[in-house]
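Trainee: Supplied in structure tokens, the structure appears directly below.
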Amino acid sequence: MTQVVDHLAELTGFRDRDVMDVTLVMALRDLLEPESVAIYRTVGEPGQERWLTRAHLRAGDAVASADPLWAKPEALPLVATHPLRLEAMRTRSVTQVVEGGQWLYLFPIATERDVVGVIEILSTRRLGTGAQRMVSSVLRIYHNFQGLLDYSERDTLTGLLNRKTFDESFLKVLTEIPARPSAEHEAEDRRHDPATPHYVLGVIDIDHFKSVNDRFGHLIGDEVLLLLSRLMRGSFRFHDLLYRFGGEEFVVLMRCDEEVHAGEAFERLRVNTERYAFPQVGRITVSVGFTEVRAGDAPAAAFERADKAVYHAKGHGRNQVHNYAALVASGLIVEATQQGSDVEFF
């Protein structure tokens, strides 16, 4: 019993979801001593869902393995390749089968809204009723703690991440960006190092949103915000970080191979928004600005660059997507001389 309590204390001691998932599989391995424990989640659009490995730990492993946070969807297995996992999710119940003399157990992982994945346990021994009940109890605590994190980290209206979580995510991104090379070597280094990660920060602002609230009321305005958040989820990839910063302003933090790919994603959102028939309101458009995150960037500095591109879009007809670097290169806006900003996120 003491061992169970110790693991629960460790599990709820982290606010990082990646660490929580690793801690969960480590706890279940120590408590059950199976051949392996893994967490799989479904990601992607309906009809194209895939399995993302959040944490996988075998009996002799010192460290859990996982799919990269920025894995490309096409590199992940389709959900149809593992029907037993789907069955456990559909029935919301524990599924158990015998495979090659080993017992396979699948426990569904649920959120407040849906079942999002499974815990998969492979054991040479059959798990008794008490062991299965213990796993289910641990998962309930895990579920409850995840709910608390959602409450503190997500916007209550749209379900997107809130601005309180932005700085932490941004600083994680900075750890993956190598130090900026000297000017004469920068272009060459990028050409010869395709693995160098590129991160882009985009700011999205709804055009004339005040008039929506004035004409139709705040309830309809809230519906527009909710529907736009859904359009954002459909326009970006599952691992892109989507935030509501308040009011009609949204932020995207994404990894991409080139800035042009980011531009294509933001243009996709612009077109999807323009074509969508918002109930009662009709046509809504967005203005978007984005910038590449630079080594040593401050969150406010990157945000300010993207916001300047949004300001340019607003002043030149709205319903546009602009790249800050392209605007500077064309002389349409002037590059800031300082890497600081008076913008405060909190």
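Position one of the sequence shown corresponds to residue 1 (full-length UniProt numbering), numbered consecutively onward. By construction, the Cβ of each residue, glycine as well, lies at the ideal position given by its N, Cα and C atoms. Computed from a prediction, not measured in an experiment: that's the story for all the values here.
(1) Considering only the beta carbon of each residue, do asparagine 213 and glutamate 259 sit closer than 8 Å?
(2) In whole angstroms, what separates the C-alpha of leucine 78 from that of glycine 60?
(3) Along the alpha helix (DSSP H) that carries glutamate 33, what are the first and last residues, could you check?
(4) Along the chain, where does the beta strand (DSSP E) containing glycine 282 start, and where does it finish?
(5) Thinking C-alpha only, which one of Ala302, Val94, Tyr151 and Cys256 is nearest histidine 198?
(6) I need the straight-line Cα distance from alanine 183 to valine 19, nearest angstrom please.
(7) According to DSSP, simplified to helix, strand and coil, what is leucine 122?
(8) Leucine 122: which of Val173, Leu106 and Val135 sits nearest, CA to CA?
(9) Look up glutamate 249 in the DSSP assignment and give the residues it is bridged to.
(10) When you compare only the Cα positions, how much space is there between glycine 289 and glutamate 267?
(11) How about valine 138 and alanine 27: are their beta carbons less than 8 Å apart?
(12) Tell me whether the beta-carbon of valine 252 lies closer than 8 Å to the beta-carbon of isoleucine 177.
(13) Could you please give the first and the last residue of the uninterrupted beta strand (DSSP E) stretch that includes histidine 322?
(14) Would you call arginine 235 buried or exposed, if buried means 16 or more other Cβ atoms sit within 10 Å of its Cβ?
(15) List, from N- to C-terminal side, the alpha helix (DSSP H) runs of 4 residues or more that fit wholly inside the region 113-164.
(16) Over the uninterrupted beta strand (DSSP E) stretch that includes glutamate 99, give me the two end residues.
(17) Which residue marks the beginning of the alpha helix (DSSP H) containing arginine 318, and which one marks its end?
(18) Between which two residues does the alpha helix (DSSP H) carrying arginine 270 extend?
(19) Assuming the contact rule is C-beta atoms closer than 8 Å, leucine 269 and valine 286 should be a hit. Round their C-beta distance to whole Å, please.
(20) Between leucine 157 and arginine 215, what straight-line distance do the alpha-carbon atoms span, to the nearest angstrom?
(21) Mapping DSSP to helix, strand and coil, what is arginine 237?
(22) Inspect the beta-carbon positions of threonine 124 and glutamate 264 and report whether they are closer than 8 Å.
(23) When burial is assigned at 16 or more other CB atoms within 10 Å of the CB, is glutamate 74 buried or exposed?
(24) With burial defined as no fewer than 16 other Cβ atoms inside 10 Å of the residue's Cβ, what is the status of alanine 329: buried or exposed?
(25) Exposed or buried, which one is tyrosine 151 when buried takes at least 16 other CB atoms within 10 Å?
(26) Exposed or buried, which one is glycine 221 when buried takes at least 16 other CB atoms within 10 Å?
(27) If you run the structure through DSSP and keep just helix, strand and coil, what is proline 73?
(28) Between the alpha carbons of phenylalanine 250 and alanine 38, how many angstroms are there, rounded?
(29) Would the beta-carbon of leucine 241 fall within 8 Å of that of asparagine 272?
(30) Identify, in the order they occur along the chain, each residue of the same chain with its Cβ nearer than 8 Å to the Cβ of glycine 147, setting aside the five sequence neighbours on each side.
(31) Given aspartate 207, which residues of its chain have a CB within under 8 Å of its CB, disregarding the five upstream and five downstream residues?
(32) Taking the beta carbon of valine 98 as the centre, do at least 16 other beta carbons fall within 10 Å, making it buried, or is it exposed?
(33) Should proline 68 be labelled buried (16 or more other beta-carbon atoms within 10 Å of its own) or exposed?
(34) With respect to the alpha helix (DSSP H) encompassing glutamate 292, which residues constitute its N-terminal and C-terminal limits?
(35) Expressed to the nearest angstrom, what Euclidean distance is found between the alpha-carbon atoms of arginine 41 and aspartate 16?
Mentor: In short, the structure shows the following:
(1) For the purposes of this step, residue 213 is identified with residue 213 of the sequence shown, where counting begins at 1. For the purposes of this step, residue 259 is identified with residue 259 of the sequence shown, where counting begins at 1. Result no, Cβ atoms of asparagine 213 and glutamate 259 do not sit closer than 8 Å.
(2) Numbered from 1 along the sequence shown, position 78 holds the residue referred to as residue 78. Numbered from 1 along the sequence shown, position 60 holds the residue referred to as residue 60. Using only the alpha carbons, I get a separation of about 28 Å.
(3) Here residue 33 refers to the residue found at position 33 of the sequence shown. Neither: glutamate 33 is in no alpha helix (DSSP H) and is coded neither H nor E.
(4) Position 282 of the sequence shown, counted from the first residue, corresponds to residue 282. Run containing glycine 282: none; DSSP gives neither H nor E here.
(5) For the purposes of this step, residue 198 is identified with residue 198 of the sequence shown, where counting begins at 1. Of the candidates Ala302, Val94, Tyr151 and Cys256, the one whose C-alpha sits nearest the C-alpha of histidine 198 is Cys256.
(6) Along the sequence shown, read from residue 1 onward, the residue named residue 183 stands at position 183. Along the sequence shown, read from residue 1 onward, the residue named residue 19 stands at position 19. Confidence in alanine 183 is poor, its pLDDT being 45 and thus under 50, which makes the residue's placement unreliable; the coordinate value appears in the next sentence. Approximately 38 Å between the Cα atoms of the pair.
(7) Within the sequence shown, the letter at position 122 stands for residue 122. Three-state DSSP puts leucine 122 in a strand.
(8) On the sequence shown, position 122 is the one that residue 122 refers to. The residue with the shortest Cα to Cα distance from leucine 122 is Leu106.
(9) Against the sequence shown, residue 249 aligns to sequence position 249. Beta-bridge pairing links glutamate 249 to Asp205 and Gly246.
(10) Locating residue 289 in the sequence shown gives position 289, counting from the first residue. Locating residue 267 in the sequence shown gives position 267, counting from the first residue. Their backbone Cα atoms lie some 10 Å apart in a straight line.
(11) Position 138 of the sequence shown, counted from the start, is the residue given in the question as residue 138. Position 27 of the sequence shown, counted from the start, is the residue given in the question as residue 27. Contact flag set, yes.
(12) Numbered from 1 along the sequence shown, position 252 holds the residue referred to as residue 252. Numbered from 1 along the sequence shown, position 177 holds the residue referred to as residue 177. No; because the gap between Cβ atoms is not below 8 Å, this pair is not in contact.
(13) For the purposes of this step, residue 322 is taken as the residue at position 322 of the sequence shown. It spans 321-323 - the beta strand (DSSP E) in which histidine 322 sits, taken as one unbroken run.
(14) Here residue 235 refers to the residue found at position 235 of the sequence shown. In the sequence under discussion, the amino acid at residue 235 is serine, which differs from the arginine named in the question. Serine 235 comes out buried.
(15) 129-153
(16) Sequence index remark: in the sequence shown, residue 99 carries index 99 (1-based). Glutamate 99 -> beta strand (DSSP E) spans 95-99.
(17) As a working note, residue 318 is residue 318 in the sequence shown. Here arginine 318 belongs to no alpha helix (DSSP H), and DSSP marks it neither H nor E.
(18) To locate residue 270, count along the sequence shown from 1; it is residue 270. First-last of the alpha helix (DSSP H) with arginine 270: 259-275.
(19) Within the sequence shown, numbered from 1, the residue matching residue 269 stands at position 269. Within the sequence shown, numbered from 1, the residue matching residue 286 stands at position 286. Leucine 269 to valine 286, Cβ: 7 Å. Contact.
(20) Counting from one through the sequence shown, the residue named residue 157 turns up at place 157. Counting from one through the sequence shown, the residue named residue 215 turns up at place 215. Spanning the two alpha carbons is a distance of roughly 21 Å.
(21) Here residue 237 is taken as the residue at index 237 of the sequence shown, counted from 1. Looking at arginine 237 - three-state DSSP - the assignment turns out to be coil, as it is neither helix nor strand.
(22) By one-based count along the sequence shown, residue 124 stands at place 124. By one-based count along the sequence shown, residue 264 stands at place 264. Cβ distance not < 8 Å, so threonine 124 and glutamate 264 don't count as in contact.
(23) Counting from one through the sequence shown, the residue named residue 74 turns up at place 74. Under this definition glutamate 74 is an exposed residue.
(24) Within the sequence shown, the letter at position 329 stands for residue 329. Looking at its Cβ environment, which holds fewer than 16 other Cβ atoms inside 10 Å, alanine 329 is exposed.
(25) Translated into the one-based positions of the sequence shown, residue 151 becomes position 151. Its Cβ having fewer than 16 others within 10 Å, tyrosine 151 is exposed.
(26) In the sequence shown, the residue the question calls residue 221 occupies position 221. Burial call: buried.
(27) Numbered from 1 along the sequence shown, position 73 holds the residue referred to as residue 73. Proline 73 falls in the helix class under three-state DSSP.
(28) Here residue 250 is taken as the residue at index 250 of the sequence shown, counted from 1. Here residue 38 is taken as the residue at index 38 of the sequence shown, counted from 1. Those two C-alpha atoms are separated by around 34 Å.
(29) Looking up residue 241 in the sequence shown gives position 241. Looking up residue 272 in the sequence shown gives position 272. No.
(30) The residue labelled residue 147 in the question sits at position 147 within the sequence shown. Excluding sequence neighbours, glycine 147 sits near Thr111 and Glu112.
(31) Taking the sequence shown and counting its residues from 1, one reaches residue 207 at position 207. Answer for aspartate 207: Ile284, Thr285, Val286, Ser287, Lys314, Arg318 and Asn319, listed in chain order.
(32) To locate residue 98, count along the sequence shown from 1; it is residue 98. By the neighbour-count rule (16 or more Cβ atoms within 10 Å), valine 98 is not buried but exposed.
(33) Here residue 68 refers to the residue found at position 68 of the sequence shown. Exposed, by the Cβ-count rule.
(34) Start at 1 with the first residue of the sequence shown, and residue 292 comes out as number 292. No alpha helix (DSSP H) holds glutamate 292; the beta strand (DSSP E) holding it covers 286-292.
(35) If you number the sequence shown from 1, residue 41 lands on position 41. If you number the sequence shown from 1, residue 16 lands on position 16. Roughly 17 Å between the two C-alpha positions.
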